[in-house]
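Below you'll find the structure, written out as structure tokens, and then a few comments.
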Amino acid sequence: MLNKHFLYVIWVIILLVIAGCNDDDDDDENFEAFTPFERVATIPAVSDAAGQVDEKATYARVKDVTKSIARYIATNVESETIGADIKGGDWVVAGLETQPTAISFEDDLSSAILAIPSQQSIDSSKPFSATNMKTVQVVEICNRTYAGQALGAKLVTDSVTVDNGLIHATALPCEIAVHNEDGQIQVNMLDPNAIFRLFFTDVLFGLQMNDADFSEAMTKLPSQVKKEIRAIIIAALETWRSQSGINFTVVQEPIGPTYRSNEDITNSIKNTPEKSPYLHYVYTKQDGGIFTSDEVKHIAQTVVNTLTIHGEPNAGKQEAALLALLSSPDASWRSARHAPLTMPGGNQVVESCSPHYAKMAIGTAYLDHATALPCEISFNTIDGGQKLLVSFLSPNYMFGALFADMSDAEKAAFANVPNDVLNDLRHIVDYALTKKLDVTLNPKQQVTYDMLLGH
-10 MLNKHFLYVI WVIILLVIAG CNDDDDDDEN FEAFTPFERV ATIPAVSDAA GQVDEKATYA
50 RVKDVTKSIA RYIATNVESE TIGADIKGGD WVVAGLETQP TAISFEDDLS SAILAIPSQQ
110 SIDSSKPFSA TNMKTVQVVE ICNRTYAGQA LGAKLVTDSV TVDNGLIHAT ALPCEIAVHN
170 EDGQIQVNML DPNAIFRLFF TDVLFGLQMN DADFSEAMTK LPSQVKKEIR AIIIAALETW
230 RSQSGINFTV VQEPIGPTYR SNEDITNSIK NTPEKSPYLH YVYTKQDGGI FTSDEVKHIA
290 QTVVNTLTIH GEPNAGKQEA ALLALLSSPD ASWRSARHAP LTMPGGNQVV ESCSPHYAKM
350 AIGTAYLDHA TALPCEISFN TIDGGQKLLV SFLSPNYMFG ALFADMSDAE KAAFANVPND
410 VLNDLRHIVD YALTKKLDVT LNPKQQVTYD MLLGH
């Protein structure tokens, strides 16, 4: 016969198991489902005399709307023009350094807008070609206060910053996309709530969240960022409407795969080879010297130059020795910008793009996922400058987490692409750092940061 002490122990264990299960259930019950992307507004397409969509004129309207949004952000301090709802002060267009009073401002503003290629034609009555290829127009925007907090460069509370914040640099900046599809123009955004939950899991599940003040501030941060971006888009469209006389409709439509629990989030990470949204490598100097901030910027610029630069005559034409290392002669890699983006905390972010792989990713049916691109690589220092930290946003994770709503057949057709992209980018960075620098570096070493913390 079992003794009373043994039965008591068993009963306590059962109660603990039940309590644990109930806590998990409560977490899922309180979990607010999200998607990576959200539609913010729609605008009518241009119609011809017969009432049919004028595709070329509609595509021109897409570009006009996009530039109007970018211009509004570049020429206004949003906390002043929109009001108290904007708590972060001024938002800026990423990659734009020109002042609005400069003669080159309009041209430079256009250059700061990214064009993500698709497999759709601008004019469907004519064959698809390089000159008849629809692109998704993407405006990247940044707020130094919020970016600084996310990257550990600014205080989140009176005394606390995000631990290891710099490793998340490739998850920024925020993105707004405009394209035409299904007889209308669509304005979409990359949802900041999704970015925090999918790319900052080490913070979300970390010990810092046991600090009530920090937890409250970090929980509110992405929601506030989202609120501000929506307000900015709507204010910009209202300015465009006052000038064009064309109305728009405000919507709040989730796009992409739906995450319904913390388990969905952790599984998205566990299902990647890296078990992380990122891959990190460190380089050291053979002479034992430190990397200065100027050197980090120079190294990032060297990678930009090695990639080649979009819009330049040699764009996508790598040196023969580098091309031989890449996955496909059609990859045509290039930097989306002439220079790296400087982010808070000293991060230098290179935005790389392959039209070949971009068209495969958004294809003909996923134009509203374009804010998942381009591929990003960040450069910074750790250990007092002794080590150069190079971080890649994992293509395996980007595809698995943000394109999870693809059909099984589409996923199978795309299965090898993320690794091809990752291998290409690693080869390009290695080539730049070993062949193009005056300083000699030791072979890179991979470093890891735990993004799941036992989950």
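For the sequence shown, the residue numbers in the numbering used here are -10 to 444. C-beta atoms are modelled at their ideal positions from N, C-alpha and C, and glycine is treated no differently.
{"query": "At least 3 beta-carbon pairs within less than 8 Å: the stretch 353 to 368 vs the stretch 325 to 342", "result": "yes"}
{"query": "Proximity below 7 Å, CB of tyrosine 272 to CB of phenylalanine 23", "result": "no"}
{"query": "Three-state secondary structure assigned by DSSP to phenylalanine 203", "result": "helix"}
{"query": "Exposure label - asparagine 169; buried when at least 16 CB within 10 Å", "result": "buried"}
{"query": "Aspartate 147 versus glycine 72 - alpha carbon distance", "result": "25 Å"}
{"query": "Status (buried if at least 16 other CB within 10 Å, exposed otherwise) for cysteine 10", "result": "Low confidence applies to cysteine 10: its pLDDT is 43, below 50, so where it sits in the model is not reliable enough to give any reading."}
{"query": "Rounded separation between alanine 354 and threonine 429 - CA only", "result": "46 Å"}
{"query": "With 16 other Cβ atoms within 10 Å as the buried cut-off, status of aspartate 13", "result": "Per-residue confidence for aspartate 13 stands at a pLDDT of 44, beneath the threshold of 50, marking its modelled position as unreliable; no derived number is given."}
{"query": "Inter-residue spacing [alpha-carbon to alpha-carbon] between isoleucine 298 and asparagine 412", "result": "20 Å"}
{"query": "Reduced DSSP secondary structure (H/G/I, E/B, other) of alanine 166", "result": "strand"}
{"query": "The alpha helix (DSSP H) enclosing alanine 390, as first and last residue numbers", "result": "384 to 391"}
{"query": "Glutamine 109, buried or exposed, once every other Cβ within 10 Å from all chains shown has been counted against 16", "result": "buried"}
{"query": "Collapsed DSSP secondary structure at phenylalanine 185 in the structure displayed", "result": "helix"}
{"query": "Uninterrupted alpha helix (DSSP H) stretches inside the stretch 273 to 305 (no shorter than 4 residues)", "result": "282 to 296"}
{"query": "Length of the line joining the Cα atoms of glutamate 67 and aspartate 79", "result": "6 Å"}
{"query": "Candidates Lys425, Asp372, Asp357, of which the one nearest valine 127 by Cα", "result": "Asp357"}
{"query": "Nearest neighbour of histidine 269, chosen from Ser383, Glu301, Ser282 [CA to CA]", "result": "Ser383"}
{"query": "Completely contained alpha helix (DSSP H) runs for the stretch 312 to 395, where each covers 4 or more residues", "result": "344 to 351, 384 to 391"}
{"query": "Per-residue DSSP class, three states only, for tyrosine 48", "result": "helix"}
{"query": "Own chain residues within Cβ distance below 7 Å of phenylalanine 280, not counting five before or after", "result": "Thr370, Gly374, Leu377"}
{"query": "Nearest to leucine 179 (by Cα), restricted to the options Pro211, Thr124, Asn153", "result": "Pro211"}
{"query": "Proximity winner among Tyr267, Pro181, Ala309, relative to aspartate 439 (alpha-carbon distances)", "result": "Tyr267"}
{"query": "Per-residue burial, aspartate 253 [other beta carbons within 10 Å of its own, 16 or more giving buried]", "result": "buried"}
{"query": "Exposure of aspartate 15, with buried meaning 16 or more beta-carbon neighbours within 10 Å", "result": "Note that aspartate 15 scores a pLDDT of 45, beneath 50, so its modelled location is shaky; the value from the coordinates is reported in the next line. When all chains shown are included, aspartate 15 counts as exposed."}
{"query": "Cβ contact check for the stretch 214 to 227 and the stretch 294 to 308: 3 or more pairs under 8 Å", "result": "no"}
{"query": "Bridge partner(s) assigned by DSSP for alanine 104", "result": "Gln126"}
{"query": "Delimiting residues of the beta strand (DSSP E) encompassing glutamate 308", "result": "Premise fails: glutamate 308 is in no beta strand (DSSP E) and is neither H nor E."}
{"query": "Buried or exposed by the 16-neighbour rule on C-beta atoms within 10 Å, applied to glycine 245", "result": "buried"}
{"query": "At least 3 beta-carbon pairs within less than 8 Å: the stretch 314 to 321 vs the stretch 130 to 145", "result": "no"}
{"query": "Bounding residues of the alpha helix (DSSP H) (the contiguous stretch that carries asparagine 132)", "result": "Premise fails: asparagine 132 is in no alpha helix (DSSP H) and is neither H nor E."}
{"query": "Residue span of the alpha helix (DSSP H) that contains isoleucine 254, given as start and end", "result": "251 to 259"}
{"query": "Residue range of the unbroken beta strand (DSSP E) whose run includes glutamate 242", "result": "238 to 244"}
{"query": "Nearest-angstrom Cα separation, counted from lysine 52 out to isoleucine 102", "result": "10 Å"}
{"query": "C-alpha distance - tryptophan 229 paired with valine 239, whole-angstrom precision", "result": "14 Å"}
{"query": "Contacts around phenylalanine 194, its chain only, beta-carbon distance under 6 Å, and the 5 residues preceding and following it disregarded", "result": "Leu442, His444"}
{"query": "Beta-carbon proximity list for leucine 296, same chain, < 7 Å, skipping 5 on both sides", "result": "Trp322, Arg323, Ser324, Ser341, Ile417"}
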